[in-house]
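Take a look at the structure below.
Chains as they are written, first to last, in my numbering: chain Y, 15 to 281; chain E, 37 to 258.
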């Protein structure tokens, strides 16, 4: 329902803006429209799990959320600040983008750790380059964070010598150390051997319980059931339905959702 | 004509040494210029600005599409027509640097594109700027991919310095020609400088192996 200007102002005074607000987000690659009008809001401390068949636009949605992909239409805001500055010069827009991205952590399916840097210096990189922190302080912070994810004995190890699960935990730490307002997980466990998935999920579970705001694209339905505040089912570039995990898994409303869940829960 | 006369080579050893030093000097200075030009052109070639892309593309095509000898003549004999008089040594370094830069640009571009795009995305998602990501994340990894083909280009550059004899720069080939002019014995002089060129390039090849090993080590890959 549309609100009047006065109501809007009153509301803004009482309620802080949502951590992430996405309005009518559309993204096309050439002729192909991958996202066809996504609206979503996520409040502080919430974990939103996005599920859906491959090619449904889940990853593109995440990649638009930190502007790794520039949306074709629509807006993305973090704590009320939009990514796009339509009137800004190219340079100012670029600087603004960097500032915004530093507040949004991203964890990739294939880890994307910097192979020429150790676990420790991977985690320090953002602190040094983006936050402008001095080396001693950055090292202290990065060390402490890596200890929290159980990697205190791997500080000086290069990614090539780490297991997939360890690499992903370093990657999570690399994003987390920036103290982002929201973390995006793009199929963070899909590239892992089955026996390594749990150690990464355990870290993600802990983060969710600690009140980190997260958007998680995953095929791990058990994780969705246990951790998500909201589960969103996407198909063909739209949100088909969004519900609490209980509702989503016990009584999905749409035929497409039922079909997808049936397929994925059987395996 | 008697057989191969080693004594002749020994007799002119100081001259060969002078020529070899000049060849090394022109190779290294041109290489420095070429690396700078190559890097800038590689980045321009991948720029989001059409004009920069076209400029780099035109430069690379012109350099690779014409003989190095013509480029040297153009810089040394051609530029004075536009009021730019360069000494032979200066013209030599500029011409070879511009020439080799065209080849290095494509080698560097291939190296940069060979780095997984996820690396750039990881850097950018931390809030790093394009420049910082390029400098700290992409280029160090590209360096590893670039060493073997760039070393090959460097050996071409060393051999290319022999073209400078045509604009009276006293490098190895020029020295040999002068010796032949006095002794009328081409075989000795040209075999001698052939061996020097070969040795210089053998050093480059071995240097590239060491450099690659060092890079791999410093990046935790060994």
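Each residue gets a CB set at the ideal place from its N, CA and C atoms; glycine is no exception.
Open item on the list: Measuring CB atoms only, is the segment 216 to 227 of chain E touching the segment 75 to 84 of chain E, in the sense that at least three cross pairs come out at less than 8 Å?
Closed with: Touching, no.
Task: residue 149/E, buried or exposed, once every other Cβ within 10 Å from all chains shown has been counted against 16 - done: Locating residue 149/E in the second chain gives position 113, where the first residue counts as 1. Exposed: under 16 other Cβ atoms inside 10 Å.
Task: Reference residue 126/Y; option with closest CA among 177/E, 128/E and 135/E - done: Locating residue 126/Y in the first chain gives position 112, where the first residue counts as 1. When only C-alpha atoms are compared, the closest one is 177/E.
TODO: Pull out every residue of the segment 80 to 101 of chain Y whose Cβ sits closer than 8 Å to any Cβ of chain E, in chain order.
DONE: Within the segment 80 to 101 of chain Y, the residues whose Cβ lies closer than 8 Å to some Cβ of chain E are 80 and 82, listed in chain order.
- [ ] Using 10 angstroms around the beta-carbon of residue 59/Y, count the other beta-carbons present and answer buried if the total reaches 16, otherwise exposed.
- [x] In the first chain, residue 59/Y corresponds to position 45, counting from 1. Exposed.
TODO: Would you mind sorting residue 113/Y into buried or exposed? The rule is 16 or more other CB atoms within 10 Å of its CB.
DONE: Position 99 of the first chain holds residue 113/Y. By the C-beta density criterion, residue 113/Y is exposed, having fewer than 16 other C-beta atoms within 10 angstroms.
TODO: Keeping to the same chain, check which residues put their C-beta closer than 8 Å to that of residue 121/Y; ignore five residues upstream and five downstream.
DONE: Stepping through the first chain from its first residue, residue 121/Y is reached at position 107. 182, 185, 186, 189, 197, 198, 199, 200 and 202, listed in sequence order.
- [ ] Going by CA-CA distance only, name the one from 108/Y, 253/Y and 205/Y that's closest to residue 167/E.
- [x] Stepping through the second chain from its first residue, residue 167/E is reached at position 131. If we check each option's Cα against that of residue 167/E, 108/Y comes out closest.
Task: Length-filtered (4 minimum) alpha helix (DSSP H) runs lying within the segment 90 to 124 of chain E - done: Correct list: 104 to 109.
Task: For residue 216/Y, the three-state DSSP class (helix, strand or coil) - done: Translated into positions along the first chain, residue 216/Y becomes position 202. Helix.
Task: Within-8 Å CB hit, residue 230/Y to chain E - done: Counting from one through the first chain, the residue named residue 230/Y turns up at place 216. No Cβ of chain E is located within less than 8 Å of the beta carbon of residue 230/Y.
Task: Residues within the segment 140 to 168 of chain E neighbouring chain Y, beta-carbon criterion of under 7 Å - done: Result list: 154, 155, 157, 158, 160, 161, 162, 163, 164, 165 and 168.
Task: Helix, strand or coil at residue 7/Y according to DSSP, with G and I counted as helix - done: What is shown of chain Y runs 15 to 281, which leaves residue 7/Y out entirely.
TODO: Look up residue 143/Y in the DSSP assignment and say whether it is helix, strand or coil.
DONE: Numbered from 1 along the first chain, position 129 holds the residue referred to as residue 143/Y. Of the three classes helix, strand and coil, the one that applies to residue 143/Y here is helix, per DSSP.
- [ ] Taking only the alpha-carbon atoms, compute the straight-line gap between residue 283/Y and residue 63/Y and give it to the nearest angstrom.
- [x] This structure does not reach residue 283/Y, given that chain Y is present from 15 up to 281, and the question cannot be answered.
Task: Classification of residue 272/Y by the beta-carbon crowding that lies within 10 angstroms, buried from 16 upward - done: By 1-based counting over the first chain, the position of residue 272/Y is 258. Residue 272/Y should be labelled exposed.
- [ ] Put residue 96/Y into one of helix, strand or coil per three-state DSSP.
- [x] Taking the first chain and counting its residues from 1, the one referred to as residue 96/Y is at position 82. Residue state, collapsed to three classes: strand.
Task: Within chain Y, partners of residue 176/E - CB distance below 8 Å - done: Locating residue 176/E in the second chain gives position 140, where the first residue counts as 1. Under the 8 Å cutoff, chain Y gives 130.
- [ ] Indicate whether at least one CB of chain Y lies closer than 8 Å to the CB of residue 257/E.
- [x] Start at 1 with the first residue of the second chain, and residue 257/E comes out as number 221. So yes, residue 257/E belongs to the interface.
- [ ] Please classify residue 292/Y: does DSSP put it in a helix, a strand, or coil?
- [x] Residue 292/Y falls outside the range modelled here, since chain Y spans only 15 to 281, and no answer is possible.
TODO: With a 10 Å radius around its C-beta and 16 neighbouring C-beta atoms as the bar for buried, classify residue 160/E as buried or exposed.
DONE: Indexing the second chain from 1 puts residue 160/E at position 124. The residue is buried, with at least 16 neighbouring Cβ atoms inside 10 Å.
- [ ] Check whether the Cβ of residue 172/E lies closer than 8 Å to any Cβ atom in chain Y.
- [x] Locating residue 172/E in the second chain gives position 136, counting from the first residue. Yes, contact with chain Y.
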